[in-house]
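K.L.:
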Amino acid sequence: MLVVEADGGSRGNPGHAGYGALVRDPKTGAILVEKAEYIGKASNNVAEYSGLVAGLELANEINPGSRIHVKMDSKLVVEQMSGRWQIKHADMRTLAAKARKVVDPRRVTYEWIPRERNKDADRLSNEAMDAGMSGVPWKPRTPASAAKAPEAVPEPPAPPRAPGRLHHLEVWVADLEAARNSLGWLLERLGFAEKDSWADGVSYSGEGFYLVLESGPDVHAAPHERRRPGLNHLAFRAGTRSEVDLLARRAASHGWTLLFPDRHPFAGGAEHYAAYLENAEGFEVELVADAG
């Protein structure tokens, strides 16, 4: 069996709309594949049905014979696809019929879940809307690997890394949960993946190094002040100028504010396109755009 989680949203209802869908391994909980897409101006319900269709298509590609259990926070879609409610709207009838053609309905079961348990699909749908409204394509955080992907050809061992390369950074924080919601969220958007977690900390793996957020009794009960001697801020490459702008806008919903707004995006100089952000704890991050 495969688990599909799907969601959709519209800013205006109808308004700018997008959906998110993913397929999860029911035993491990691992996400096997995910997809998001901006669909232009549409209603919430149309966006949610579009997410369902996409999720069923993804699951069918992984295993055409598998049973599928769909989880959504849309009571309307769940009840209509389960056959308990009538489908009156023409657009939704069309999408419901499309969903039934993708996968034999006898192989699919539906479950309503509260929104807080549908966070990954909700995240994807919001990423799709953000990207579409900014005129850029949605990009997954990391390349998704389908269950039926061909076996990878072993690569030759990498040469030893030269001394002096960055190995890891450890950032001490007063509130670990708040740091995960702001710094952790931003790291994942930049391509880091959560590696390990424990009672007082969490680590995120990047390309060639990792970063640790840690709290606990050894952290002094004092606010962070980036202007004191020591580390001032972290700077990351964040893609094109459009991608930097998009990430900076989205960060505002995750505890970040824009620094130096009167000079943005050239606070670092006329040839340096970047967004400087600060979170509620006072940590500063710089998102640097690629040259050109």
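Position 88, counted from 1, in the sequence shown is what full-length UniProt numbering calls 88; the numbers after and before it change by one each time, with no gaps.
Heads up, the beta-carbon is just placed ideally off N, CA and C, and yes, glycines get one too.
Is the region 50-68 in contact with the region 10-22, if contact means three or more CB pairs nearer than 8 Å?
P.N.:
Contact between the region 50-68 and the region 10-22 is present, because at least three Cβ pairs lie under 8 Å.
K.L.:
Have a look at residue 227 and residue 202 and give me their C-alpha separation to the nearest angstrom.
P.N.:
Using only the alpha carbons, I get a separation of about 25 Å.
K.L.:
Closest to residue 182 by C-alpha separation, out of 279, 129, 42, 194, would be which residue?
P.N.:
For residue 182, the nearest C-alpha among the options comes from 279.
K.L.:
So, at 8 Å on beta carbons, what are the nonlocal neighbours of residue 118 in its own chain, with the 5 sequence-adjacent residues on each side left out?
P.N.:
If we look at residue 118 and ignore the five residues flanking it on each side, its Cβ neighbours are 5, 7, 71, 72, 73.
K.L.:
Between the Cα of residue 65 and those of 104, 240, 85, spot the shortest distance and give me the residue it belongs to.
P.N.:
Residue 65 has its Cα closest to that of 104, out of 104, 240, 85.
K.L.:
When burial is assigned at 16 or more other CB atoms within 10 Å of the CB, is residue 286 buried or exposed?
P.N.:
Its Cβ being crowded by 16 or more others within 10 Å, residue 286 is buried.
K.L.:
State the Cα-Cα distance for the pair residue 136 and residue 57, rounded to the nearest angstrom.
P.N.:
Spanning the two alpha carbons is a distance of roughly 24 Å.
K.L.:
Could you have a look at residue 243 and say whether DSSP puts it in helix, strand or coil?
P.N.:
Note: residue 243 maps to helix in three-state DSSP.
K.L.:
When you compare only the Cα positions, how much space is there between residue 148 and residue 32?
P.N.:
Note that residue 148 scores 44 on pLDDT, short of 50, meaning its location in the model is unreliable; the coordinates nonetheless yield the value given after this. Whole-angstrom Cα-Cα distance: 10 Å.
K.L.:
What is the DSSP secondary structure of residue 181, reduced to helix, strand or coil?
P.N.:
Looking at residue 181 - three-state DSSP - the assignment turns out to be helix.
K.L.:
Of the residues 206, 240, 36, 264, which one's Cα is nearest the Cα of residue 167?
P.N.:
For the residues 206, 240, 36, 264, the minimum Cα distance to residue 167 belongs to 206.
K.L.:
Ordered along the chain, which non-local residues of its own chain (more than five positions away) have a Cβ less than 8 Å from that of residue 143?
P.N.:
Note on residue 143: pLDDT 43, under 50, position unreliable in the model; no value is reported.
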